[in-house]
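These protein sequence lines are chains A and B, in that order.
Quick note, in my numbering, the first sequence goes up one by one and the last residue is 714.
Quick note, in my numbering, the second sequence goes up one by one and the last residue is 879.
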Amino acid sequence: MDTSQYLDIFLDESKEHLQNLSDQIMELEQNPENMDTINEIFRAAHSLKGMAGTMGYKRMQTLTHDMENVFSEVRNGTFKVQPGMIDILFKSLDALEEYVNNIQQTTEEGTNDNQDLIDALNSILKNNGEVKVGDSASAAPAAPAAEPAAPKAESATADGSGGKGERWQDIKINDTEKMLIEKAYTEGLKVYGVTVYVEEACVLKAARAFLVFKALEKLGEIIVSSPTAQDIEDEKFELTFSLIFISGNTADEIKDAVKSVSEIEEAFCAEYKMAAAPAPVAAETAKVEVKAPEEVKAAAPAPAAAPAAPAKPAAAASTTKPTASAKPVVNRTVRVDIEKLDNLMNLVSELIIAKNSLISATAAEGKGDNNSVNEQIEYLESVTTNLHESVMKVRMVPIESVVAKFPRMIRDLSKKLGKKMELYMTGEDTELDRTVVDEIGDPLMHMLRNSADHGLEPNDVRVANGKPEVGSIFLDAYQDGNNVVIAVRDDGGGINVEAVRNKAIERGTVTPEQAETMTEKEIIDLLFLPSFSTAKKVSDVSGRGVGLDVVKSKIESLSGEVEVKNHFGEGSSWIIRLPLTLAIIQALMVVVGDEKYAIALGSIQTIEDVLPEDIKLVQAKEVIHIRGTVIPIIRLRNVLDIPSAEENSNKNLTVIIVKKGDKLAGLVVDELIGQQEVVIKSMGKYIKVPKMISGATILGNGEVALILDTNALI
Amino acid sequence: MDEVKVMDEQKRNASLNRPTERNTTQFIVTQLGGEQYGIDIKYISNIIRMSKITRVPKVPDYIKGVINVRGVVIPTLSLRLKMGLPEDEVTKRTRIIILTLEQHESIGVMVDEVKEVVTLDEEHIERIGYEKDEKERFLSGVGKADGKLISLLDITSVLSEIVDV
Chain A
1 MDTSQYLDIF
11 LDESKEHLQN
21 LSDQIMELEQ
31 NPENMDTINE
41 IFRAAHSLKG
51 MAGTMGYKRM
61 QTLTHDMENV
71 FSEVRNGTFK
81 VQPGMIDILF
91 KSLDALEEYV
101 NNIQQTTEEG
111 TNDNQDLIDA
121 LNSILKNNGE
131 VKVGDSASAA
141 PAAPAAEPAA
151 PKAESATADG
161 SGGKGERWQD
171 IKINDTEKML
181 IEKAYTEGLK
191 VYGVTVYVEE
201 ACVLKAARAF
211 LVFKALEKLG
221 EIIVSSPTAQ
231 DIEDEKFELT
241 FSLIFISGNT
251 ADEIKDAVKS
261 VSEIEEAFCA
271 EYKMAAAPAP
281 VAAETAKVEV
291 KAPEEVKAAA
301 PAPAAAPAAP
311 AKPAAAASTT
321 KPTASAKPVV
331 NRTVRVDIEK
341 LDNLMNLVSE
351 LIIAKNSLIS
361 ATAAEGKGDN
371 NSVNEQIEYL
381 ESVTTNLHES
391 VMKVRMVPIE
401 SVVAKFPRMI
411 RDLSKKLGKK
421 MELYMTGEDT
431 ELDRTVVDEI
441 GDPLMHMLRN
451 SADHGLEPND
461 VRVANGKPEV
471 GSIFLDAYQD
481 GNNVVIAVRD
491 DGGGINVEAV
501 RNKAIERGTV
511 TPEQAETMTE
521 KEIIDLLFLP
531 SFSTAKKVSD
541 VSGRGVGLDV
551 VKSKIESLSG
561 EVEVKNHFGE
571 GSSWIIRLPL
581 TLAIIQALMV
591 VVGDEKYAIA
601 LGSIQTIEDV
611 LPEDIKLVQA
621 KEVIHIRGTV
631 IPIIRLRNVL
641 DIPSAEENSN
651 KNLTVIIVKK
661 GDKLAGLVVD
671 ELIGQQEVVI
681 KSMGKYIKVP
691 KMISGATILG
701 NGEVALILDT
711 NALI
Chain B
715 MDEVKVMDEQ
725 KRNASLNRPT
735 ERNTTQFIVT
745 QLGGEQYGID
755 IKYISNIIRM
765 SKITRVPKVP
775 DYIKGVINVR
785 GVVIPTLSLR
795 LKMGLPEDEV
805 TKRTRIIILT
815 LEQHESIGVM
825 VDEVKEVVTL
835 DEEHIERIGY
845 EKDEKERFLS
855 GVGKADGKLI
865 SLLDITSVLS
875 EIVDV
């Protein structure tokens with residue numbers, strides 16, 4: 001069977017199940033007695049096993065099968081969940097993840113049998129839940145693993161099979177089919193009605209059905225099915241499908257063939273007799289007298305009116321309900337190649353540029369006298385804005401997909417480091433551009449590890465310092481204007497600035513004289529230099545001096561930035577600020593000298609008209625005093641090396657107050673043009689652009705204007 | 715069908731493209747100050763008239779800024795300044811040649827004038843030895859066509875320095 005068309009679904013759903021399993025096992029560790037969790041784990045493991053089996057990934061199937069066995073016993077109350085067990089389960093999850101990753105890369109699951117894990121799982125079973133260290137390695141290797149999956153699967157599902165009937169009797173047959181059946185009779189073949197019930201937990205129903213069809217086609221010929229073959233292929237059926245089948249084999253052989261496909265709950269097979277009185281259910285429903293074969297056709301519509309009929313759909317409905325709740329309602333989604341989206345985005349960008357040039361063209365032609373054109377332009381503007389927003393939204397994904405793995409990571413770190421800690425996350429639903437989300441995982445992981453390893457003190461030190469024994473790490477994500485902020489915070493010891501200072505001197509990064517004059521912030525910035533680590537012992541977790549510099553460069557490559565807030569003795573927070581989008585922004589166009597620049601609207605606080613005499617000098621730096629705040633002034637003319645024309649010192653200054661976090665600065669510009677949507681374009685690799693320029697954009701008249709990165713200016 | 719095509723191809727090569735077999739290269743000849751420089755045509759994707767160049771602060775002076783070529787922002791450099799010649803004087807004949815190197819993006823170079831396309835035989839190109847002076851760093855050789863001497867630019871070395879900066 002060619003399963004490649006299901007590979008994507010398989011990968012997606014496997015990952016979903018794995019994440020679910022991971023979450024649930026975490027939950028189980030907290031509440032070992034929670035039956036709901038155990039059931040959920042069992043269900044997820046079972047689905048995973050079935051899926052792996054269908055796709056022919058035997059190793060993955062074996063391992064999940066053994067995990068499932070353990071849960072089955074826990075569910076039956078044979079033994080209880082124990083801490084050692086959780087570790088083995090997590091290791092098994094890691095192994096499964098490895099399989100899935102291998103499959104994603106090569107479509108093969110790899111050759112690692114993970115025999116030690118299988119042995120460990122089986123030894124749990126053998127010893128009634130006791131986890132014996134060392135036992136896993138010495139246990140007889142292959143024997144337990146070979147134990148077949150069948151009895152388990154059946155016992156788990158057999159209880160649900162009551163109340164199911166031979167629905168094939170409801171199948172309508174038309175004249176052609178009737179002829180085929182009659183022909184089969186004359187050839188001495190038998191005609192059977194087959195009804196197959198798929199397990200509730202079955203994920204790839206269509207694939208199962210396909211396998212059933214395949215199995216049956218080896219034995220004979222399928223005449224008609226209900227629902228139709230096309231509907232079955234499209235998964236447009238509940239848990240059951242029926243078919244009429246011509247074969248020379250016996251009913252039992254057919255039944256066995258169907259049941260050989262995994263995740264098939266029950267199969268009914270009986271000889272199909274056209275003229276004879278139908279089986280009980282059909283007899284009741286069909287009130288029309290059964291005279292001739294063609295009447296079977298007429299009988300079919302009748303059940304709708306018959307009293308017995310509703311009973312079965314109801315039964316069917318009740319069995320399908322749990323499926324619906326276990327698996328989210330089928331998402332109406334389409335998977336799109338990110339490249340196609342980028343392309344779409346580029347086109348939207350071009351459209352916006354075209355619209356902007358229309359606006360500037362009409363503005364140049366004469367003002368106000370062309371109302372209908374202006375109206376149309378305004379209409380065009382609202383359409384392009386909406387289009388842009390929609391395309392942007394398509395590219396936005398919640399950061400949840402990245403952060404979901406962190407609780408598990410912290411748990412493992414907690415064990416490895418021997419420190420008690422807890423991770424609290426908020427704002428997992430914060431959305432970011434797809435490209436950013438894909439890249440942000442590693443930096444965040446580094447920072448969490450950093451907090452766990454360096455940030456939090458050992459438990460005894462914490463207690464001695466009057467802190468709760470269990471350390472807390474917080475991961476908060478939220479949107480702030482045009483930025484998304486992700487903060488990693490801990491209540492540990494904070495950064496020991498003196499230690500960093502000494503280390504820097506010792507390493508020769510700075511001279512003792514330099515170190516004396518450096519501010520706390522400057523010292524902390526040293527941490528982001530390559531190969532700078534203050535960890536006294538190099539651990540497996542962190543402290544090799546790679547990490548923070550990688551974090552910084554990664555974030556900066558995403559046009560974001562990292563800020564550290566340190567409270568020595570109370571903890572530190574690491575704040576990542578990322579742009580919401582990388583493509584189109586609302587900007588304020590300004591003129592400095594005779595050049596035009598764009599400033600992202602999101603970073604602008606206010607625009608002030610300042611008298612020249614209001615500018616004061618503090619420590620040889622220009623500042624202004626606005627509403628109780630002292631704000632440093634940055635003259636863009638100087639910063640941007642703009643050839644200075646006459647600078648009229650008596651004129652009022654236009655100052656744009658921009659913010660970065662809680663810091664403010666005032667940018668002096670010559671003139672304001674207005675607000676405009678600008679498309680951010682890369683400036684190519686050939687020039688090394690200064691940090692204060694975040695990109696370029698094309699104006700309505702075809703000129704290029706540079707976009708100022710105010711964050712780099714402050 | 716395919717075979718016929720292949721045979722046609724071979725025939726055409728044999729008759730028309732004979733020079734190709736003798737290693738010829740086409741160059742675009744540009745005027746820069748009093749001299750003529752040749753740029754290998756395979757790197758050239760476009761030649762445009764002078765358009766408004768947007769200055770970029772804090773970059774080497776030979777980088778004149780960025781321009782918009784059909785919706786793409788392309789950095790532009792002055793070949794004169796790069797070669798140590800006096801600053802460009804923009805005239806009606808000033809052109810920007812858009813170069814595209816494999817795997818890199820495009821870059822524009824300003825020249826005084828674009829003259830013609832010449833096809834040079836390998837035997838009409840004199841390769842310059844290893845001892846190159848400051849200006850010759852960017853040359854791959856000197857070509858002779860119709861009695862004129864054309865300095866052939868080694869575009870990769872002109873641009874590689876920029877990329878590394």
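Note that the Cβ used here is the ideal one computed from N, Cα and C, for glycine as well.
- Taking all protein chains shown into account, E266 of chain A has 16 or more neighbouring C-beta atoms within 10 Å of its C-beta and is therefore buried.
- A residue is called buried once 16 or more other Cβ atoms fall within 10 Å of its Cβ, and V872 of chain B is buried on that count.
- With at least 16 other beta carbons inside 10 angstroms of its own, F10 of chain A counts as buried.
- If you draw a straight line from the Cα of M764 of chain B to the Cα of K806 of chain B, it is about 8 angstroms long.
- Legend: CB atoms of the stretch 767-801 of chain B lying less than 9 angstroms from CB atoms of chain A belong to residues I767, T768, R769, V770, P771, K772, V773, P774, I777, G779, V780, I781, N782, G785, V786, V787, I788, P789 and L791.
- Taking 7 angstroms as the CB threshold, E837 of chain B stays off the interface with chain A.
- Shortest Cα-Cα distance from E516 of chain A to any of A:K218, A:F528 and A:R501 involves A:R501.
- Taking the Cβ atoms as the reference, T768 of chain B lies roughly 19 angstroms from A712 of chain A, outside the contact range of under 8 angstroms.
- Interface flag for I698 of chain A against chain B is set, since a Cβ pair is found closer than 7 angstroms.
- The beta carbon of N737 of chain B lies closer than 8 angstroms to those of D835 and E836 in the same chain, with the five residues before and after it left out.
- Proximity of I821 of chain B to chain A, defined by a Cβ-Cβ separation below 7 angstroms, is satisfied.
- Bounds of any alpha helix (DSSP H) do not take in G779 of chain B; it lies within the beta strand (DSSP E) bounded by I777 to V783.
- Taking a C-beta distance under 7 angstroms as the contact criterion, M518 of chain A and V488 of chain A do not qualify as a contact pair.
- For K419 of chain A, the secondary structure class from DSSP, reduced to helix, strand or coil, is coil.
- Following the DSSP letters along the chain, one finds M179 of chain A in no beta strand (DSSP E) but inside the alpha helix (DSSP H) bounded by residues D175 to T186.
- Taking C-beta atoms under 8 angstroms as the contact rule, K659 of chain A and S603 of chain A qualify, at a distance of about 6 angstroms.
- Of the other Cβ atoms in all chains shown, 16 or more fall within 10 Å of the Cβ of T195 of chain A; this residue is therefore buried.
- Fully contained in the stretch 759-844 of chain B are the following beta strand (DSSP E) runs of length 3 or more, in chain order: 777-783, 786-792, 809-814, 820-825, 827-835 and 839-841.
- Contact annotation for D641 of chain A against chain B: P771 and K772 [CB-CB distance below 8 angstroms, chain order].
- Y197 of chain A has a beta carbon lying at 7 angstroms or more from every beta carbon in chain B.
- Taking CB atoms only, K685 of chain A has a neighbour in chain B less than 7 angstroms away.
- Between P690 of chain A and P771 of chain B, the alpha-carbon positions lie close to 7 angstroms from each other.
- Taking a beta-carbon distance threshold of 7 angstroms, G702 of chain A counts as an interface residue toward chain B.
- Around the beta carbon of R507 of chain A, a 10 Å sphere encloses fewer than 16 other beta carbons of the protein chains shown; the residue is thus reported as exposed.
- The CB of I693 of chain A comes closer than 8 angstroms to the CB of V770 and P771 in chain B, given here in chain order.
- For E375 of chain A, the enclosing alpha helix (DSSP H) begins and ends at N371 to R395.
- Around the Cβ of E68 of chain A, a 10 Å sphere holds 16 or more other Cβ atoms; the residue is buried.
- Collapsing the DSSP output to three states places V618 of chain A in a strand.
- Annotation: S72 of chain A to N34 of chain A spans about 14 angstroms, alpha carbon to alpha carbon.
- Segment contact: the stretch 199-215 of chain A against the stretch 228-246 of chain A, three or more CB-CB distances shorter than 8 angstroms; contact assigned.
- Residues L548 of the same chain have their beta carbon placed closer than 6 angstroms to that of L527 of chain A, with the five preceding and five following residues left out of the count.
- In this structure the stretch 406-424 of chain A touches the stretch 444-461 of chain A; the number of beta carbon pairs closer than 8 angstroms is three or more.
- Interface with chain B (7 angstroms Cβ-Cβ cutoff): K236 of chain A is excluded.
- Taking C-beta atoms as the reference points, L189 of chain A and I246 of chain A count as a pair closer than 7 angstroms.
- Judged by DSSP secondary structure, L89 of chain A falls within the alpha helix (DSSP H) whose first and last residues are P83 to T106.
- In chain order, I742, R809, I810, I811, I812 and V828 place their CB closer than 8 angstroms to the CB of I761 of chain B, counting only its own chain and leaving out the 5 sequence neighbours on each side.
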